[in-house]
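> Those letters in the sequence shown? Residues 21 to 312, by our numbering. Positions of the beta carbon are idealized from the N, C-alpha and C atoms, including for glycine.
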Amino acid sequence: MTPTPKPEWYSRKRLLIPSLLIVPPLGLYGAWKSNRPIWKKLIYTLAGLFGAFSILVILVASFADTSKYKRNRIAKATIKSESIAQAPIPNRIAKATIKSESIAQVPVPRNFEKLKSFQKKWADSVVKDWKGAYIVSTSISANGDSIYFQLSKAASKNNTNINEANQIGLQDDIDSATKRLFGAEFSDRPIVVALLLNKQQEQENIALAERAHKIQLQFSPWDGSHRSLVRYVKDNMNDPGSFDHVETRHVDKGKYIIVQMKYRGKNALGAKIIDMVTAKVDIDGNILSIVE
Numbered sequence: 021m022t023p024t025p026k027p028e029w030y031s032r033k034r035l036l037i038p039s040l041l042i043v044p045p046l047g048l049y050g051a052w053k054s055n056r057p058i059w060k061k062l063i064y065t066l067a068g069l070f071g072a073f074s075i076l077v078i079l080v081a082s083f084a085d086t087s088k089y090k091r092n093r094i095a096k097a098t099i100k101s102e103s104i105a106q107a108p109i110p111n112r113i114a115k116a117t118i119k120s121e122s123i124a125q126v127p128v129p130r131n132f133e134k135l136k137s138f139q140k141k142w143a144d145s146v147v148k149d150w151k152g153a154y155i156v157s158t159s160i161s162a163n164g165d166s167i168y169f170q171l172s173k174a175a176s177k178n179n180t181n182i183n184e185a186n187q188i189g190l191q192d193d194i195d196s197a198t199k200r201l202f203g204a205e206f207s208d209r210p211i212v213v214a215l216l217l218n219k220q221q222e223q224e225n226i227a228l229a230e231r232a233h234k235i236q237l238q239f240s241p242w243d244g245s246h247r248s249l250v251r252y253v254k255d256n257m258n259d260p261g262s263f264d265h266v267e268t269r270h271v272d273k274g275k276y277i278i279v280q281m282k283y284r285g286k287n288a289l290g291a292k293i294i295d296m297v298t299a300k301v302d303i304d305g306n307i308l309s310i311v312e
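1. Check whether the region 202-216 and the region 245-262 are in contact - that is, three or more C-beta pairs closer than 8 Å.
2. Leaving out five residues before and five after residue 288 in sequence, what residues of the same chain have Cβ atoms less than 6 Å from its Cβ?
3. Determine contact between the region 234-245 and the region 293-311, defined as no fewer than three beta-carbon pairs at a distance below 8 Å.
4. Counting only beta-carbon separations shorter than 7 Å, does residue 209 have a partner in chain B?
5. Cα separation between residue 248 and residue 299?
6. Looking at residue 173: is its Cβ nearer than 7 Å to the Cβ of residue 221?
7. Three-state secondary structure (DSSP) at residue 284?
8. Taking only the alpha-carbon atoms, compute the straight-line gap between residue 119 and residue 216 and give it to the nearest angstrom.
9. Exposed or buried, what is residue 214 when buried is set at 16 or more other beta-carbons lying within 10 Å of its beta-carbon?
10. Give me the Cα-Cα distance between residue 186 and residue 154, rounded to the nearest whole angstrom.
11. Report all residues from its chain with a CB closer than 6 Å to the CB of residue 243; omit the five preceding and five following residues, and keep chain order.
12. Grab me the residues of residue 190's own chain with a C-beta within less than 6 Å of its C-beta, minus the 5 sequence neighbours each way, in chain order.
13. To the nearest angstrom, how far is it from the Cα of residue 310 to the Cα of residue 178?
14. In the DSSP assignment, the alpha helix (DSSP H) including residue 233 goes from what residue to what residue?
15. So what's residue 263 in DSSP terms, helix, strand or just coil?
16. Express the C-alpha separation of residue 224 and residue 194 in angstroms, rounding to a whole number.
17. On the three-state DSSP scale, how would you describe residue 307?
18. So residue 267 and residue 286 are in contact, right, with Cβ under 8 Å, and what is the actual spacing, rounded?
19. Report, in whole angstroms, the separation of the C-beta atoms of residue 158 and residue 175, which I expect to be a contact under 8 Å.
20. Below 8 Å on the Cβ atoms is my contact criterion, and I expect residue 277 with residue 301 to pass it. Report the Cβ-Cβ distance as a whole number of Å.
21. Go through the region 139-165 residue by residue and report every complete run of the beta strand (DSSP E) that reaches 3 residues or more, in order.
22. Would you report the Cα separation of residue 145 and residue 228, rounded to the nearest angstrom?
23. Among 226, 256, 197, which has the Cα closest to the Cα of residue 295?
24. With 16 as the cutoff for other CB atoms within 10 Å, does residue 271 come out buried or exposed?
25. How big is the Cα-Cα spacing for residue 140 and residue 197?
26. Out of 182, 209, 262, state which residue places its alpha-carbon closest to the alpha-carbon of residue 171.
27. How many Å lie between residue 260 and residue 180 at the Cα?
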C-alpha cells in the first residue's frame with residue numbers, strides 16, 4: 021500500500037490566511053504556489069498586501085511618536101534650563117538699603133516736641149483730677165501716638181462698662197484739644213488713649229471668671245436646674261417621676277455656693293405640691309449640706 025503524501029502548508033487555509041496577515045511575503049508566496057483558482061489567488065494577494073501595508077503603517081507611527089517624545093523632552097529641558105539661567109537673583113541688600121533710606125527720610129513734624137509737651141500736661145491733669153481714686157499714673161509712647169493711664173486696683177475690678185465709657189470720653193477730649201491747638205497738622209498721626217488694668221487685679225479677674233464658668237457648668241442649660249440637687253431631691257421623693265422643676269437660684273459665697281430650687285412633685289398622699297430645697301454645694305457641684 022502506497023502512503024498518502026503529506027500536503028504542503030500553503031495548501032491548508034488555516035495556515036495560509038494567518039501568514040498573509042502576519043508575514044505577508046510568505047503568505048503571497050504560498051498563495052501563488054498553491055493549486056487554487058486564479059480568483060482566489062487574487063483575493064489572497066489583496067489580503068497579503070493589506071497586511072503588509074498595516075504593518076508598515078504601525079512601524080512608521082511608532083517611530084514618529086518615539087522621535088516626537090524625545091524632541092519634546094529635549095525642548096522642555098532646554099526651556100527650563102534657560103528660564104533658570106535668566107531668573108533674576110533677589111537683591112536683598114538693595115531692598116534693605118532702600119527701606120532704611122525711606123525710614124530715614126520720614127520727616128519729623130515741625131511742632132512734634134510741642135505736641136509731646138502738650139500731651140504730658142494734659143495726661144498729668146487727668147491723673148490729678150482723679151486724685152488716685154480711679155487713675156493712678158500715666159505714660160506716653162516715644163513717638164507720641166499713645167497715651168496710657170494706669171487704673172487703680174479698685175477700678176480694675178469688673179468695671180468693664182465704666183472703663184469703656186471713660187476711655188471714649190478721654191479719647192474725645194484729647195482729639196478735640198489737639199485739633200484746637202494744632203489744627204490739621206497731626207491729622208495723619210492719630211493719638212490712642214488706653215486704660216491699663218492693675219496687674220494684680222487683672223489676675224484676680226481671670227481667676228474670678230474661671231470660677232464663675234466652673235459654677236455655671238453645674239447647672240442645666242435647658243431649664244437652669246442644678247444637676248446634683250435634682251438627683252438628691254428625686255432620690256428622696258415618693259414618686260420621682262412626678263418631679264417638675266420650677267426655678268433655681270444661686271449665690272456664690274466664696275467658700276461655698278448656696279443653691280435654692282423650687283419644684284413640683286407628689287407628696288406621700290399623692291397630691292402634687294410645690295416645694296423648695298436649699299443646699300450648700302462646693303465648686304465642683306457636690307452637695308455639702310441641706311440648709312432647708
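Put simply:
1. no
2. Reading the sequence shown from its first residue, position 268 is the one you call residue 288. Correct list, in chain order: 258.
3. yes
4. In summary, chain B is missing from the structure at hand, where a single protein chain is found.
5. Taking the first residue of the sequence shown as 1, we reach residue 248 at position 228. Taking the first residue of the sequence shown as 1, we reach residue 299 at position 279. Spanning the two alpha carbons is a distance of roughly 10 Å.
6. Here the question's residue 173 lines up with position 153 in the sequence shown. Here the question's residue 221 lines up with position 201 in the sequence shown. Yes; because the gap between Cβ atoms is below 7 Å, this pair is in contact.
7. Numbered from its first residue, the sequence shown carries residue 284 at position 264. Correct three-state label for residue 284: strand.
8. Along the sequence shown, one-based indexing puts residue 119 at 99. Along the sequence shown, one-based indexing puts residue 216 at 196. Low confidence applies to residue 119: its pLDDT is 46, below 50, so where it sits in the model is not reliable, and the reading given next is rough at best. Their Cα atoms are separated by approximately 34 Å.
9. Within the sequence shown, numbered from 1, the residue matching residue 214 stands at position 194. So residue 214 ends up on the exposed side.
10. Numbered from 1 along the sequence shown, position 166 holds the residue referred to as residue 186. Numbered from 1 along the sequence shown, position 134 holds the residue referred to as residue 154. Residue 186 and residue 154: Cα-Cα distance of roughly 10 Å.
11. By one-based count along the sequence shown, residue 243 stands at place 223. If we look at residue 243 and ignore the five residues flanking it on each side, its Cβ neighbours are 265.
12. As a working note, residue 190 is residue 170 in the sequence shown. So the list reads 213, once near-sequence residues are dropped.
13. For the purposes of this step, residue 310 is identified with residue 290 of the sequence shown, where counting begins at 1. For the purposes of this step, residue 178 is identified with residue 158 of the sequence shown, where counting begins at 1. Approximately 32 Å, taken between the alpha carbons.
14. As a first step, residue 233 must be located in the sequence shown, where it is residue number 213. Its alpha helix (DSSP H) spans residues 219-236.
15. Working through the sequence shown from its first residue, we reach residue 263 at position 243. In the structure shown, residue 263 sits in coil (DSSP, three-state: anything other than H, G, I, E or B).
16. The residue given as residue 194 occupies position 174 in the sequence shown. The residue given as residue 224 occupies position 204 in the sequence shown. Using only the alpha carbons, I get a separation of about 31 Å.
17. As a first step, residue 307 is located in the sequence shown; it is residue number 287 there, counting from the start. Residue 307: strand per DSSP, three-state reduction.
18. Here residue 267 refers to the residue found at position 247 when the sequence shown is read from its first residue. Here residue 286 refers to the residue found at position 266 when the sequence shown is read from its first residue. The pair is not a contact, with the Cβ atoms about 19 Å apart (cut-off 8 Å).
19. For the purposes of this step, residue 158 is taken as the residue at position 138 of the sequence shown. For the purposes of this step, residue 175 is taken as the residue at position 155 of the sequence shown. Not really, about 14 Å apart at Cβ, beyond 8 Å.
20. Looking up residue 277 in the sequence shown gives position 257. Looking up residue 301 in the sequence shown gives position 281. With 8 Å as the limit, residue 277 and residue 301 qualify as a contact, their Cβ atoms being about 5 Å apart.
21. 155-160
22. Along the sequence shown, read from residue 1 onward, the residue named residue 145 stands at position 125. Along the sequence shown, read from residue 1 onward, the residue named residue 228 stands at position 208. Their Cα atoms are separated by approximately 33 Å.
23. In the sequence shown, the residue the question calls residue 295 occupies position 275. For the residues 226, 256, 197, the minimum Cα distance to residue 295 belongs to 256.
24. Within the sequence shown, numbered from 1, the residue matching residue 271 stands at position 251. Burial call: exposed.
25. Residue numbering aside, residue 140 sits at position 120 when the sequence shown is read from its first letter. Residue numbering aside, residue 197 sits at position 177 when the sequence shown is read from its first letter. The alpha-carbon atoms of residue 140 and residue 197 are separated by roughly 13 Å.
26. One-based indexing of the sequence shown puts residue 171 at position 151. Nearest option by C-alpha distance: 182.
27. For this step, residue 260 is matched to residue 240 along the sequence shown. For this step, residue 180 is matched to residue 160 along the sequence shown. Looking at the two C-alpha atoms, the distance is approximately 44 Å.
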